[in-house]
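Asker: Those protein sequences? They're chains A and B, same order as listed.
If you read the first sequence in my numbering, its first letter stands for residue 49, the second for the next number, and so on.
If you read the second sequence in my numbering, its first letter stands for residue 234, the second for the next number, and so on.
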Amino acid sequence: MAVTRFLVRRILTGLIVLWFVATATFFLFFARNPQIVARQLAGRAATAQILAEVTHNLGLDQPIFTQYGRYLTRLVHWNFGLSYFNGGESVSAIIARDLPRTASVVVGGLVLWLVVGLGTGVLSATRARSLFDRTSTVAVLVGLSMPTFVLGELLLRYVYVPANNHGATWITIGYVPLSQGVLSWAGAMMLPWITLATVQAAVYTRLSRGSLLDTMGEDYIRTARAKGLTERRVVYRHGMRAALTPVVSQLGIDIGALLGGVVVVEQVFGVGGLGQDAVSSIANGDLPTIIAFVLLASAFVVIANIIVDLAYAILDPRVRIS
Amino acid sequence: MSITELEFQAVTVETAPEEAIQGQSQWQLTWRRLRHDRMAVASIVVIGLIAALAIAAPAFASLVGHPPSQAYPNIGVNVNGTPVSPGTHGFWLGTDELGRDLFVRILYGARISLFVGLSTTLIGTVLGVSVGLISGYYGGIVDAALARIIDAVLAFPYIVLALSLAVVFGPSLWIVIGVIAFFSWAAISRVVRGQALSIREKEYIEAARSLGAGPWRIMFIDVLPNLMAPILVLATLSIPTAIVFEATLSYLGLGIQAPTASWGNILGGAQSYYTVAWWYLVFPALALVITTIAFNLVGDGVRDAMDPRTERVFAAGRKRRKTGSQGDQADGEAALPPLTVADEGGPLSWQ
């Protein structure tokens, strides 16, 4: 019951946030001088008559609030308009093509990121000061200092090229749809996942290590040990649950960073997802594509934050969902 | 009786300053600890070298005779249009695809990186500290509103803002600085706010208020000095973050635009030639990673020096602490007792 009410409330505020973002993007991007837009579309050689025609066809001669209303109506119907380029392809079609690519990068990268980050952190904390712990702290430092795109480019040069020269041709770049087989899909996604996960995992290794070390010093952990629980049960059942709370709240903060990482990774490996298309749209001023990216990114952040807050409440009973 | 006590106090006052200066200055203590942190010292030296190279970039450019944006299509590019390798035709680190001197461009890139790193950290720190102090000091509605904003900024996808600004205004150095500063203040604010919230309940703040100190005086004269340690640590650690941020934006084409050299846009160019020109990729990547590691190590070193309880982040440091503990003892013992005396209010307060 509480959960339903929480969800309804969060979804409603999420929708308000999205409406706000959509309005901001409209007035930032679309409410420009129609002449400039028409000129951009019709080309430099266009006559005044053609320009007027283009402006009229686009509806840019209408009052601004009529345009705004039409923009919102279309957004509700999942219509993002037509790309200025790509032969006027509809942006919805571009999204439909790009979304599986971006989703592949995000999901795989996120899973690897959490598994590697938390796994290394927990192993380090339970073996504090061991060789493994020291090696991982050095690795974390390098990871924290290494920009995502540098790691990606180095992997291309020093893993992808040698691997393919020595017959490991299953490591590919670009994108292979899941329908062509899980292995070839994973082969294409492997380097992007590693790149996305490594840099972000460093933060989580440091965080979960510190958090678990703190938690293991608590009195209730001593109580758990005293009543004769196995060390494994103490760590994974009593320690982890409390140690995960700061990790989850950090996750909420890092969703924005994750999006940035996804764009970079798509660019490095030529995955051709939403992020790469948005970045390449900058150069030719393809506004509809960029706006679609901005809106989808905002929606992603809103949804992800709801999930994170739910997870937070599940992990820490003191946090009430309300 | 009272005269002897006065005389006694007079004597202590005369002798006190020496001890007090040695003991009270947290900065001296910090510096002493930092000096013994070999990784931090080495990193400071490395940063100094990079800064010197960045400042001397025009000198190096005229030394090798290659201006940073000058393309040498005849000697700087192979017949098939690929960059020439290091050492050919006087290009120490090779060239890029247009035949520009990579060494000179990396030096000029260091100028951009350091400038962006330092300027955004300065803006972010001033802004972050101010917002954090106001939020923490006033509390209530002001705090609730500012805390909301801080959380929203922390969770905001930077790529969305960078993309939007690049579309509307066109990519430039100032947009890069604006975007990075916009995101760097929030983390500092959050920490300052939390600390200020607890400090404002202390008795000496109440005392200051009873003496008629206004809110601004209390915030900046009474509260702020107590927060200098975490602020310094956060500021140091935000420099490498800003450098990585700038490089990423420039790599994506949303930041510094060619022909101005930045490590990010050099690496963006290298993307198309990674199979044929390793130097094009490796040298700027090394410059970037060495710089950020050095700043991170200094930040970690400063944090450890400010707060000896924190655990060493770098394994080598712990070894130093173990083996060097006898050596440090002399320093530590000379410094610590006066500090405790000063903490208890100094020699004058025991009457």
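For glycine and all other residues, C-beta sits at the position ideal for the given N, C-alpha and C.
Looking only at its chain, what residues have a beta carbon closer than 6 Å to the beta carbon of residue 306/A, apart from the 5 residues adjacent to it on each side?
Answerer: Cβ neighbours of residue 306/A beyond the five flanking positions: none.
Asker: How many whole angstroms separate the CB atoms of residue 373/A and residue 66/A, which I take to be in contact at a CB cut-off of 8 Å?
Answerer: Because chain A here runs from 49 to 370, residue 373/A falls outside it and cannot be looked at.
Asker: Curious, which full-length alpha helix (DSSP H) runs of at least 4 residues does the stretch 466 to 512 of chain B contain?
Answerer: Taking only runs of at least 4 residues, the alpha helix (DSSP H) segments lying wholly in the stretch 466 to 512 of chain B are 496 to 503.
Asker: Give me the chain A residues within the contact set of residue 531/B, using Cβ-Cβ distance strictly less than 8 Å, ordered along the chain.
Answerer: The contacting residues do not exist; residue 531/B stays about 12 Å from chain A at best.
Asker: Drop a sphere of 10 angstroms on the beta-carbon of residue 253/A, count the other beta-carbons inside from all chains shown, and report buried for 16 or more, exposed for fewer.
Answerer: Under this definition residue 253/A is a buried residue.
Asker: Is there a C-beta anywhere in chain A that falls below 8 Å from the one on residue 504/B?
Answerer: Residue 504/B counts as touching chain A.
Asker: Tell me which residue opens and which closes the alpha helix (DSSP H) that residue 357/A is part of.
Answerer: Residues 335 to 363.
Asker: Within the 8 Å Cβ cut-off, does residue 480/B reach chain A?
Answerer: So yes, residue 480/B belongs to the interface.
Asker: Start and end of the alpha helix (DSSP H) containing residue 104/A?
Answerer: Here the alpha helix (DSSP H) through residue 104/A covers 96 to 106.
Asker: What residues are listed by DSSP as bridge partners for residue 310/B?
Answerer: Bridge partners of residue 310/B: 316/B.
Asker: For residue 57/A, which residues in chain B fall below 9 Å Cβ to Cβ?
Answerer: Going along chain B, no residue has its Cβ under 9 Å from residue 57/A, so there is no contact; the nearest lies around 16 Å.
Asker: Anyone know if the C-beta pair for residue 510/B and residue 320/B falls short of 8 Å?
Answerer: The answer is no: Cβ separation not under 8 Å.
Asker: Measuring CA to CA, which of 104/A, 58/A, 56/A and 116/A is closest to residue 75/A?
Answerer: Per the Cα distances, 116/A.
Asker: Taking the C-alpha atoms as reference points, what is the distance between residue 529/B and residue 523/B?
Answerer: Going by the C-alpha atoms only, they are around 10 Å apart.
Asker: Any Cβ of chain A within less than 8 Å of the Cβ of residue 418/B?
Answerer: No, no contact with chain A.
Asker: Using a Cβ-Cβ distance cut-off of 8 Å, determine whether residue 463/B contacts chain A.
Answerer: Cβ-Cβ to chain A under 8 Å: no for residue 463/B.
Asker: Residues in its own chain within less than 6 Å of residue 517/B by CB, not counting five upstream and five downstream?
Answerer: Result list for residue 517/B: 339, 496, 499 and 500, in chain order.
Asker: Could you tell me the distance, in whole angstroms, from the CA atom of residue 328/A to the CA atom of residue 136/A?
Answerer: Their Cα atoms are separated by approximately 16 Å.
Asker: Under 8 Å, do residue 120/A and residue 72/A count as touching if we go by C-beta distance?
Answerer: Not a contact, by the Cβ cut-off of 8 Å.
Asker: Which residue's Cα is closest to the Cα of residue 285/B: 536/B, 367/B and 343/B?
Answerer: Comparing Cα-Cα distances from residue 285/B to each of 536/B, 367/B and 343/B, the minimum goes to 343/B.
Asker: Tell whether a beta-carbon distance below 8 Å holds between residue 296/A and residue 200/A.
Answerer: Going by C-beta atoms, residue 296/A is not nearer than 8 Å to residue 200/A.
Asker: What's the C-alpha gap between residue 513/B and residue 388/B?
Answerer: Looking at the two C-alpha atoms, the distance is approximately 35 Å.
Asker: Using the beta-carbon count (16 or more within 10 Å), is residue 286/A buried or exposed?
Answerer: With 16 or more Cβ atoms within 10 Å of its Cβ, residue 286/A is classed as buried.
Asker: What in chain B is Cβ-close to residue 99/A, meaning under 7 Å?
Answerer: Those within 7 Å of residue 99/A in chain B number zero; the least Cβ separation is about 22 Å.
Asker: Going by Cα to Cα distance, which pick from 341/B, 372/B, 348/B and 383/B is closest to residue 360/B?
Answerer: Of the listed residues, the one whose Cα sits closest to residue 360/B is 383/B.
Asker: Apart from the five residues on each side of it in sequence, which residues of its chain come closer than 8 Å, Cβ to Cβ, to residue 535/B?
Answerer: Excluding positions up to five away in sequence, the list reads 263, 267, 273, 465, 466 and 469.
Asker: By DSSP's criteria, residue 138/A is part of a beta bridge. Which residues make up the other side?
Answerer: According to DSSP, residue 138/A bridges with 130/A.
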